[in-house]
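J.: Protein sequences, first through last, are from chains P and H. Mapped onto the numbering used here, the consecutive letters of the first sequence carry residue numbers 10 to 448. Mapped onto the numbering used here, the consecutive letters of the second sequence carry residue numbers 35 to 359. Below is one structure. I have some questions about it.
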Amino acid sequence: MAILSSNESLLEPSLDKARHVKYWTRCLKTYLPNQYTGNDSNRMYLAYFIISALDLLDALKTVPSEQERRDHVNWIYHCQHPNGGFRMWPGTDFGKLSNEKNAQYDPANIPGTYFALATLLIYDDDLTRVRRADCLEWLRQMQRPDGSFGETIVNGRIEGGSDSRLGFCAAGIRHILRGRTSGSIDIDGQLIQDIELDAFVGCVRMAESFDGGIADEPFHEPQAGYTFCSLGALALIDRLNRPNGHDVKETNGPVDPLRVLDWLVWRQTELTDPDAGLDTELCTDEDAPHTQHAEGQHIPKGDKGDHGMPAKQSPDKTVGGSMFDLLVDGAGMNGRTNKVADTCYAFWVGASLHIMETPTLCDQSAARRYLLGKTQHGVLGGFGKFPGDLPDLYHSYLGLAALSLAGSDQVKPLDGGMCLSREARERLPTIWKSWRVDA
Amino acid sequence: MPKYADDPTWADIVPLPTDEGGPNPLAAIAYSDDYSETMSYLRAVMAAKEHSPRVLDLTEDLIDMNPAHYTVWLYRAETLFALHSDLRAELEWLNETALAHQKNYQIWHHRNLIVDRLCGEEQGVVDEEGLWKAECEFVEQMFERDAKNYHVWSYRQWLVRRFGLWGPVELEFTERMLARDLRNNSAWNHRWFVVNGRAEMEGDGGLGVEDPEVRAREVKFAMEAVAKTPQNQSPWNYLRGIVRKTGMSLGHLKGFAEQYASLKEPDEVRSSFALDLLAEVYVEEKKAKEAGEVLDLLATRYDPIRKHYWQYRKGLLGVEGAAAA
Chain P
10 MAILSSNESL LEPSLDKARH VKYWTRCLKT YLPNQYTGND SNRMYLAYFI ISALDLLDAL
70 KTVPSEQERR DHVNWIYHCQ HPNGGFRMWP GTDFGKLSNE KNAQYDPANI PGTYFALATL
130 LIYDDDLTRV RRADCLEWLR QMQRPDGSFG ETIVNGRIEG GSDSRLGFCA AGIRHILRGR
190 TSGSIDIDGQ LIQDIELDAF VGCVRMAESF DGGIADEPFH EPQAGYTFCS LGALALIDRL
250 NRPNGHDVKE TNGPVDPLRV LDWLVWRQTE LTDPDAGLDT ELCTDEDAPH TQHAEGQHIP
310 KGDKGDHGMP AKQSPDKTVG GSMFDLLVDG AGMNGRTNKV ADTCYAFWVG ASLHIMETPT
370 LCDQSAARRY LLGKTQHGVL GGFGKFPGDL PDLYHSYLGL AALSLAGSDQ VKPLDGGMCL
430 SREARERLPT IWKSWRVDA
Chain H
35 MPKYADDPTW ADIVPLPTDE GGPNPLAAIA YSDDYSETMS YLRAVMAAKE HSPRVLDLTE
95 DLIDMNPAHY TVWLYRAETL FALHSDLRAE LEWLNETALA HQKNYQIWHH RNLIVDRLCG
155 EEQGVVDEEG LWKAECEFVE QMFERDAKNY HVWSYRQWLV RRFGLWGPVE LEFTERMLAR
215 DLRNNSAWNH RWFVVNGRAE MEGDGGLGVE DPEVRAREVK FAMEAVAKTP QNQSPWNYLR
275 GIVRKTGMSL GHLKGFAEQY ASLKEPDEVR SSFALDLLAE VYVEEKKAKE AGEVLDLLAT
335 RYDPIRKHYW QYRKGLLGVE GAAAA
């Protein structure tokens, strides 16, 4: 143990930036593997991952050519719906065969719209081709009487879930297209009403769980992704109660920010093996297998050690000077109580803590070591979901985003609240100024 | 190998390929020929708003390759209803599809729709009890594969509300799930819902844990779980949830927590969650010094990964102490 210096940086694996750029370049310039077919209807968010990742790696100005950049932006606008909002993909657009009767099968889509606008912003587009008034009018129609947002509107019916992922995207659309102006605004002589903010806040407050986390709906199990989306949406509409805030307002959410904070910090965990059983109780130091502690070692799935339990199950595991193991090992985040760490939750949790203005209450260094030492893919670049997994777009993007928030200087600074580079978000005030809305 | 182009059943359809609008589309996928063809035929029949038996085959084919397609599900439901199709056969098909696509949300939404329709349309005819029992059984089958599947737990809650299954049978189900894995937080959450959901969501009886008898039963249940697995956060959270909801004093749990962690025996801590609870008990008792000591134990020995958080909590002690004084 003594040979390990207390200087943490010596132990921290580094980001293999060149490999990540290569991974994302491949995603941009070649067809995505056939396995993405199940995500065909989610292409706009795949597009956002690709463009934003290259931006975070500072490669967006070099990897695509000028012409390619123009083509990409045109593709996004090609997905814009004639009545406002964007589609998630061109697959529902019937082109010349479009008519009033089949229009119901070709709706604009809330996440599709947020990811389209975010990607345009990252590409430094001035958003002048966005049908802004139509989009904001459509956004209003996407809100249900209970305050929640749907995914699409079909035959006058709001379809899709009612969870905070959609609420976050709706708040993001509102933020990008009307800044911090609340109430009705005038766009080219057309008066556009605001969404119902109080009702939306009510939805989030209702979905707070007995244990402090936030779920998609009342009484469902709290989950870090929904918690992020809830907090993020509230921050975007300036209705967030923060733990360090002097007064917790009833017109804001969450009801009890300190409890949400508590739930969030508990998400950090040293459990990494998804196949390890969790049914064995407290092991003492002597019988805890130390197989997971070796530096840089990828844990093969199914490797449960001698006792069929994860090595770090015990709270007194750290008794007896195993702090050094901890430094080497790292600790990621899980999405729900008693689950193992997963790359994407390093973002959902890390970003939630950022939004709450308490980013350092988790162990950011351990989070970086988890990402860089365990789920970063050494050959292909990108990040997998679990240690040893092949990379995919979703985890590769959120892994980079999480690293930035956890203090890595190898990735551009990220705006946790919108999940894009700060540089991209800082373009908004200029755009808002041109629209004469509050920044 | 064209599947539809060579099939006389589809000879009248002119396939409608997707228009990407120009060169260099983003996130383009290496589709199989099979998928490209199926999509082109689907787009053609959707554009024509055809509702026919062959549409059911086509949507089934497409959903199998791309279950996240959001309007194809609506189209399929419309077609099923227009044709007065056998909705039980639809549920059978959904069973297979759900097992094949564990993480898909649309499948469960569609299932809600079908079950609702079965009960609505065939009201009086349909054996509702048989239906929900079969649904509950299917849910348990799904849990054999993944006992924490979020969509499936959400669907289970929907079944409870839809068919009023708030009774002891559902409680026994949570016990069965927890007997398999006492750390399954989804099962704990479901128990909380079964015990408290009716009072809050239906407003037609029951007080949940605010009923003294229910509270005693639930406290005992959680304490027994802690005894078996002291370092399991779920039952600790459950206990604290009861305390918070009923407004009972945290002090009631002090003796219990001290069985697992106490300042008198700082080397014998059996649960970091017991320490966390103890810190809050001391705060309630306005014993800032003891609370600080407990938080120090967490920060330095028993939960150093959250060191900064425990220090933050310690920082709040002064604030709360000042407010109390």
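Idealized CB from N, CA, C, for every residue including glycine.
#1: Within 9 Å of any Cβ in chain H, is that where the Cβ of THR122 (chain P) sits?
#2: Within a Cβ cutoff of 6 Å, which residues of the same chain sit near ARG189 (chain P), ignoring the five residues on either side of it in sequence?
#3: Check whether chain P comes within 9 Å of THR113 (chain H), counting only Cβ atoms and requiring the distance to be less than that.
#4: Would you list, in chain order, the members of the segment 39 to 55 of chain P that have their beta-carbon closer than 7 Å to a beta-carbon of chain H?
#5: Cα separation between LEU280 (chain P) and VAL358 (chain P)?
#6: Would you call the segment 25 to 32 of chain P in contact with the segment 46 to 59 of chain P, where contact means no fewer than 3 C-beta pairs closer than 8 Å?
#7: Among P:PRO73, P:ASN118, P:MET342 and P:HIS255, which one has its Cα closest to the Cα of GLY159 (chain P)?
#8: Enumerated in chain order, which unbroken segments of the beta strand (DSSP E) with a length of 3 residues or greater are wholly contained in the segment 370 to 414 of chain P?
#9: Counting only Cβ pairs nearer than 9 Å, list the residues of chain P close to PHE207 (chain H).
#10: Spell out a yes or no on whether the segment 223 to 238 of chain H and the segment 189 to 198 of chain H are touching, meaning 3 or more CB-CB pairs, one atom from each, closer than 8 Å.
#11: Using DSSP with H/G/I as helix, E/B as strand and the rest coil, what is ARG166 (chain P)?
#12: Is there a C-beta anywhere in chain P that falls below 9 Å from the one on GLY198 (chain H)?
#13: So, using beta-carbon positions, are TYR354 (chain P) and GLY234 (chain P) closer together than 9 Å?
#14: Measuring only the C-alpha atoms, how far is PRO116 (chain P) from PHE307 (chain H)?
#15: Is VAL213 (chain P) close to the ligand GDP? I mean its beta-carbon at under 8 Å from any heavy atom of the ligand.
#16: Quick one: what's ILE196 (chain P) bridged to in DSSP?
#17: Taking 9 Å as the CB-CB cut-off, is PRO57 (chain H) touching chain P?
#18: Rounded to whole angstroms, how far is the Cβ of ALA125 (chain P) from the Cβ of GLN199 (chain P), which I believe are closer than 8 Å?
#19: I'd like to know whether the C-beta atoms of TYR109 (chain H) and TYR114 (chain P) end up nearer to each other than 9 Å.
#20: Bridge partners of GLN277 (chain P), per DSSP?
#21: Could you check how far apart the C-beta atoms of PRO266 (chain P) and PRO252 (chain P) are, in whole angstroms? I think they sit under 8 Å.
#22: Helix, strand or coil, according to DSSP, for PHE228 (chain P) in the structure here?
#23: Quick check: is the beta carbon of LEU311 (chain H) nearer than 9 Å to any beta carbon in chain P?
#24: Note down, one range per segment and in chain order, each alpha helix (DSSP H) of at least 4 residues found wholly within the segment 266 to 345 of chain H.
#25: Are LEU148 (chain P) and ARG183 (chain P) touching if we call contact CB-CB under 9 Å?
#26: Are the C-beta of THR369 (chain P) and some C-beta of chain H separated by less than 9 Å?
#27: With 16 as the cutoff for other CB atoms within 10 Å, does THR43 (chain H) come out buried or exposed?
#28: For the pair the segment 167 to 185 of chain H and the segment 118 to 138 of chain H, tell me if three or more CB-CB distances fall below 8 Å.
#29: Just verifying my parser: in three-state terms, what is the DSSP assignment at ILE204 (chain P)?
#30: In angstroms, rounded to a whole number, what distance separates the CA positions of ASP238 (chain H) and VAL203 (chain H)?
#31: Helix or strand or just coil, what does DSSP make of HIS299 (chain P)?
#32: Below 8 Å on the Cβ atoms is my contact criterion, and I expect SER268 (chain H) with ASN219 (chain H) to pass it. Report the Cβ-Cβ distance as a whole number of Å.
#33: Is GLY344 (chain P) closer than 9 Å to ARG377 (chain P) when the C-beta atoms are compared?
#34: Could you work out which residue in H:ASP180, H:ILE63 and H:PHE255 is closest to ASN100 (chain H) when comparing CA atoms only?
#35: Quick check for students: name the residue ranges of the alpha helix (DSSP H) that lie wholly in the segment 89 to 175 of chain H, counting only runs of 4 or more.
#36: For LEU106 (chain P), go through chain H and note every residue whose CB falls closer than 7 Å to its CB, in chain order.
T.: Judging by the given coordinates:
#1: What you label residue 122 (chain P) is simply residue 113 of the first sequence in a count that begins at 1. Chain H, which has no Cβ nearer than 9 Å to the Cβ of THR122 (chain P), makes this no.
#2: The sequence position of residue 189 (chain P) within the first sequence is 180, counting from 1. ASP447, listed in sequence order.
#3: Residue mapping note: residue 113 (chain H) aligns to position 79 of the second sequence, counting from 1. So, not an interface residue.
#4: TYR40, LEU41, PRO42, ASN43, TYR45, THR46, GLY47, ASN48, ASP49, SER50, ASN51, ARG52 and LEU55
#5: Counted from its first residue, the first sequence places residue 280 (chain P) at position 271. Counted from its first residue, the first sequence places residue 358 (chain P) at position 349. Using only the alpha carbons, I get a separation of about 16 Å.
#6: no
#7: Counting from 1 along the first sequence, the entry for residue 159 (chain P) is found at position 150. The shortest C-alpha separation from GLY159 (chain P) is found at P:ASN118.
#8: none
#9: One-based indexing of the second sequence puts residue 207 (chain H) at position 173. Result: empty, since nearest Cβ-Cβ is about 16 Å, beyond 9 Å.
#10: yes
#11: Position 157 of the first sequence, counting from 1, holds the residue named residue 166 (chain P). Strand at ARG166 (chain P).
#12: Working through the second sequence from its first residue, we reach residue 198 (chain H) at position 164. False, the Cβ-Cβ gap to chain P never drops below 9 Å.
#13: As a first step, residue 354 (chain P) must be located in the first sequence, where it is residue number 345. As a first step, residue 234 (chain P) must be located in the first sequence, where it is residue number 225. Closer than 9 Å, so yes.
#14: Your numbering for residue 116 (chain P) matches position 107 in the first sequence. Your numbering for residue 307 (chain H) matches position 273 in the second sequence. Approximately 48 Å between the Cα atoms of the pair.
#15: Summarising the ligand content, the structure contains no ligands, and the ligand GDP is consequently not present.
#16: Residue mapping note: residue 196 (chain P) aligns to position 187 of the first sequence, counting from 1. DSSP, once it has assigned bridges, lists P:GLN199 as partnering ILE196 (chain P).
#17: Within the second sequence, numbered from 1, the residue matching residue 57 (chain H) stands at position 23. A Cβ of chain P is located within less than 9 Å of the beta carbon of PRO57 (chain H).
#18: On the first sequence, residue 125 (chain P) is found 116 positions in, with the first residue counted as 1. On the first sequence, residue 199 (chain P) is found 190 positions in, with the first residue counted as 1. In fact, because the Cβ distance is near 22 Å, the residues do not count as touching under 8 Å.
#19: Here residue 109 (chain H) refers to the residue found at position 75 of the second sequence. Here residue 114 (chain P) refers to the residue found at position 105 of the first sequence. Yes, Cβ-Cβ distance for TYR109 (chain H) and TYR114 (chain P) is below 9 Å.
#20: In the first sequence, residue 277 (chain P) corresponds to position 268, counting from 1. Beta bridge pairing from DSSP links GLN277 (chain P) with P:MET342.
#21: Taking the first residue of the first sequence as 1, we reach residue 266 (chain P) at position 257. Taking the first residue of the first sequence as 1, we reach residue 252 (chain P) at position 243. Yes, PRO266 (chain P) and PRO252 (chain P) are in contact; Cβ-Cβ is about 4 Å, under 8 Å.
#22: As a position in the first sequence, residue 228 (chain P) is number 219, starting the count at 1. If DSSP states are grouped into helix, strand and coil, PHE228 (chain P) belongs with coil.
#23: Within the second sequence, residue 311 (chain H) is the residue found at index 277, counting from 1. It does not; no Cβ of chain P falls within 9 Å.
#24: 267 to 280, 288 to 292, 306 to 318 and 322 to 331
#25: Here residue 148 (chain P) refers to the residue found at position 139 when the first sequence is read from its first residue. Here residue 183 (chain P) refers to the residue found at position 174 when the first sequence is read from its first residue. Result yes, Cβ atoms of LEU148 (chain P) and ARG183 (chain P) sit closer than 9 Å.
#26: Here residue 369 (chain P) corresponds to residue number 360 of the first sequence, with the count starting at 1. Taking Cβ atoms only, chain H reaches closer than 9 Å to THR369 (chain P), which makes this a yes.
#27: Numbered from 1 along the second sequence, position 9 holds the residue referred to as residue 43 (chain H). Counting every other CB atom within 10 Å of its CB across the protein chains shown gives THR43 (chain H) a total below 16, marking it as exposed.
#28: yes
#29: Counting from one through the first sequence, the residue named residue 204 (chain P) turns up at place 195. Coil, per DSSP.
#30: Counting from one through the second sequence, the residue named residue 238 (chain H) turns up at place 204. Counting from one through the second sequence, the residue named residue 203 (chain H) turns up at place 169. If you take the alpha carbons of ASP238 (chain H) and VAL203 (chain H), they lie about 19 Å apart.
#31: Taking the first sequence and counting its residues from 1, the one referred to as residue 299 (chain P) is at position 290. Because HIS299 (chain P) sits at a pLDDT of 32, beneath the cut-off of 50, its placement in the model cannot be relied upon, and the following sentence gives the value as read from the coordinates. In the displayed model, HIS299 (chain P) falls within coil according to three-state DSSP, outside both helix and strand.
#32: On the second sequence, residue 268 (chain H) is found 234 positions in, with the first residue counted as 1. On the second sequence, residue 219 (chain H) is found 185 positions in, with the first residue counted as 1. That pair is a contact at about 5 Å.
#33: As a working mapping, residue 377 (chain P) is identified with position 368 in the first sequence. As a working mapping, residue 344 (chain P) is identified with position 335 in the first sequence. Going by C-beta atoms, ARG377 (chain P) is not nearer than 9 Å to GLY344 (chain P).
#34: In the second sequence, the residue the question calls residue 100 (chain H) occupies position 66. Among H:ASP180, H:ILE63 and H:PHE255, the Cα nearest to that of ASN100 (chain H) is on H:ILE63.
#35: Runs of the alpha helix (DSSP H) inside the segment 89 to 175 of chain H: 104 to 116, 121 to 134 and 140 to 155.
#36: Looking up residue 106 (chain P) in the first sequence gives position 97. LEU106 (chain P) reaches chain H at LEU50 and ALA81, counting residues in chain order whose Cβ is nearer than 7 Å.
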